[in-house]
Amino acid sequence: MTALLTDLNPEQLEAVTWPHQSALILAGAGSGKTRVLTTRIAYLLQSGLTQPQNLLAVTFTNKAAREMVARISTMLPINIRGMWIGTFHGLCHRMLRAHYEDAGLPQAFQILDMADQLAVIKRILKERSLDEKVLAPRQLQWFINNAKEEGLRASQVDTRGSFNRTLAECYQVYEAVSMRGGTVDFAELLLRCYELLSRNEILRDHYRGRFEHILVDEFQDTNRLQYQWIKLLAGSGSQQHAAIFAVGDDDQSIYAFRGAHVGNMRDLEKDFSVPKIIRLEQNYRSQGNILDAANALIENNKGRLGKNLWTAAGKGESVRIYYAATDVDETSFIVDEIKALHAEGLSLSEIALLYRSNAQSRVLEHGLFNASISYRVYGGMRFFDRQEVKHALAYLRLVASPDDDNALLRVINFPPRGIGARTLEQLQDQAEILGTSLWQAALKVCEGRKAVTTRGDQPGRGIAGFVNLVLSMQQACEGQPLPEIIRRVVDQSGLVAHYQAEREGNNERLENLKELVNAATSFVHEAEDDSLTAFLAHASLEGGEHQAEGYQDAVQLMTVHAAKGLEFHSVFISGLEEGLFPHENSRNEPNGLEEERRLMYVAMTRARQRLYLSYAESRMLHGQVRVNVPSRFVDEIPEELLKRLRSSGFSGAGYRQGLSGTGQNTVSTAYSRQGRGKHTPVSAAVRVAPQGLNTAGLHIGQQVSHTKFGTGTIVNYEGNGSDMRVQVNFHQTGTKWLSLTYAKLVPL
Ligand code: ATP
Ligand code: MG
């Protein structure tokens, strides 16, 4: 026991040994919140204060959940299999599986991931002939998920006004389609589980009796429904059974855009009569300069709950900032630094490359690949999202539950079996008329065919072939172990033959299909439930982080969102440019900039020893060259904590300099590469345009005035000569693209 507690500071110790009473630990990054939470679990178990089955611990990512389990396992030699540790989605799924009937779901209900959900929504819009311009699929997806996160069903949403009515109607159709197909999206997992517990007193009492301790990591990112779910499980007021142990950091709340509600912290305090908030102020992760830089940055946010973070670790190294001429140059700098760090003995997995948007990873991946440095991308294209894997999974879904329309549509004609669009449309009409799934409609077509004729040229022939294929797969899989089921389905589906026949044989796709069998084999070893349905749920819920573990040493690439809770020896944050980080979308969101700043705070505080920030004056993104102003976040870091490095191609119209109107490069020290690889030349295309802008007497960062829109700052440009357009961020009216020829901008 003492061994568990020896390293803790007094506040951490207080938190770990807190009595059986609700607690809120509010503390900054790297102060040991997660460590306190896992140590408390070990402490409660080891001292016999609770049993493994009486604990529920929840966090946000699969990776974090796995790490939590791993940390506890190293502290205690107990079997943690039966414990309820996981993500909100994972735990709700587990409950729904156990009580599917009470929850009104078919036994083999399937989970729709975001991409599947979008496909269903697109179909609904198409069937209703709704123009994408009137209602974009993503907008409807957002609306539905948001409503669910607010706990609202289609019958409960606002229907005032015709647009709201359209949204509500589509939501209603979506609900019906999901019910018919036995599919459940991510938001539905939570809402349905919540409804199940609130409706079913017996179940609610069962779980309330069971869970004595509910522990929540990253509490600041819970949304309202998640909080209500926790509250329901714990019981509140005189009904309270479980003690909630929540750890969080308001400065790291980065999911407001998905409904996270920092107010949950205040509600928790009130609802669960938390006697006092425990604050942890010592940071054990980052060295002094990194911590000071992060603290200085976050001070620019208002309305914080406020906390001080200090470290005993000493100042350490300065925060390095590199000004690159282009994104290619930025990448080659990063690659060179990684090589140097690795040569000094640092393992690659201790290096993280963080970026604001997924699209930024491409150029980084390219650079790493060319330099033969192993890397792994988290949260990018997941293994289970690859086309061939999705096809195989669709066949597997049909074996488990043929009423899954989405799965059926994906593979009814893949590999191609001559089912044309018209036949498919007829099938869909038929399903609509009968009010059944497509599968049921397809069965009807087959019955009809038998009754009418046995000639082979009917349009239903292809459909009959498909129905028979699925039926024979179901038969072949009966009673087989999971890896064998997958082997048989992949084999019978014709996918392997199809990809083999593609020009030069599509090896990667074939490898991935084989890998699916391996994935199932390791799943069988790890999971308690090794059924096909459980595996399919795993494929939907798995965030893709799994690929990165256990294999060779590799640099870790991920978005800042995905880096939450993690730490690395060295961290690179690239793309520190206005419009990219802070992201341009944040301009239109209330408090958007503050959320971006919290993201930056999360990013910086991932680093233990070394932190690199980088900025590229021009960048190719979404097929366009953007000319950039450095992120304001760089300016918010005190100069004395920074070490400025820059490429010789950099011209230096900084955010601060730009706004002050000088547009000059005020820092003259060029970064000397000292023979560390060749400098990447700046491409000609990139060079031409800024000169064009200069000949017009303008530059990025310059203040201009426009007769209609007032004053603003030039933030971007595209095109050349008379086709040149500039993007201006107007103080009153926001960002606009304007033709330089017609806009008559007056430099100020
Ligand atoms: P974040 O806000 O980023 O999630 P956190 O508050 O959860 O951070 P942890 O990840 O728990 O912080 O801890 C940060 C690092 O500090 C870890 O490496 C952890 O092992 C270490 N640490 C925490 N407390 C102590 C301690 N008392 N002694 C030594 N190391 C500690
Ligand atoms: Mg943590």
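Numbering-wise (the UniProt record's numbering), the sequence shown opens with residue 1 and increments by one.
Backbone N, C-alpha and C fix where the C-beta goes; we use that ideal spot for every residue, glycine too.
| Check | Outcome |
| --- | --- |
| Proximal residues to K302 (C-beta, below 8 Å), its chain only, five neighbours per side dropped | E594 |
| Chain-order list of residues whose beta-carbon lies under 6 Å from that of A371 (same chain, five-residue window excluded) | V335 |
| Distance CB(H569)-CB(R608) smaller than 7 Å | yes |
| E281 to A27 span [Cα, whole Å] | 7 Å |
| T521, buried or exposed, once every other Cβ within 10 Å from all chains shown has been counted against 16 | exposed |
| Of the residues Q117, L125 and E617, the one placed nearest A187, counting alpha carbons only | Q117 |
| Whole-angstrom distance between E478 and D250, CA atom to CA atom | 51 Å |
| Residue span of the beta strand (DSSP E) that contains W84, given as start and end | W84 to T87 |
| Alpha-carbon to alpha-carbon, E149 and N264 | 14 Å |
| The region 211 to 220 touching the region 131 to 142, judged by at least three CB pairs closer than 8 Å | no |
| Inter-residue Cα distance where the pair is Q53 and I80 | 9 Å |
| Proximity test, K33 beta-carbon vs ligand 2 heavy atom, cut-off 6 Å | yes |
| Presumed contact (8 Å Cβ cut-off) between L641 and V319, rounded CB distance | 5 Å |
| Any non-hydrogen atom of ligand 1 within 6 Å of N9 CB | yes |
| Any non-hydrogen atom of ligand 1 closer than 6 Å to G30 Cβ | yes |
| Sheet register partners of L112 (DSSP bridge) | D185 |
| Endpoints, the beta strand (DSSP E) within which F572 is located | F568 to I573 |
| Three-way DSSP call (helix, strand, coil) for G209 in this model | helix |
| Three-state secondary structure (DSSP) of R386 | coil |
| For S614 and E330, believed in contact at Cβ under 8 Å, the rounded distance | 5 Å |
| heavy atom of ligand 1 below 6 Å from G565 C-beta | yes |
| C-beta contact flag for A256 and S22 at 7 Å | no |
| Near ligand 1: D249 beta-carbon under 6 Å from a heavy atom | yes |
| Beta-carbon proximity list for G314, same chain, < 7 Å, skipping 5 on both sides | Q287 and G288 |
| Other residues of its chain near F143: CB distance less than 6 Å, five sequence neighbours each side excluded | L167 |
| Element boundaries [alpha helix (DSSP H), containing K302] | Run containing K302: none; DSSP gives neither H nor E here. |
| Three CB pairs or more closer than 8 Å across the region 148 to 165 and the region 188 to 204 | yes |
| Per DSSP, cross-strand counterpart(s) of S618 | T326 and V627 |
| L408 and L438 closer than 7 Å at C-beta | yes |
| P19, DSSP secondary structure in three states | coil |
| Local conformation of V726 per DSSP, three classes | strand |
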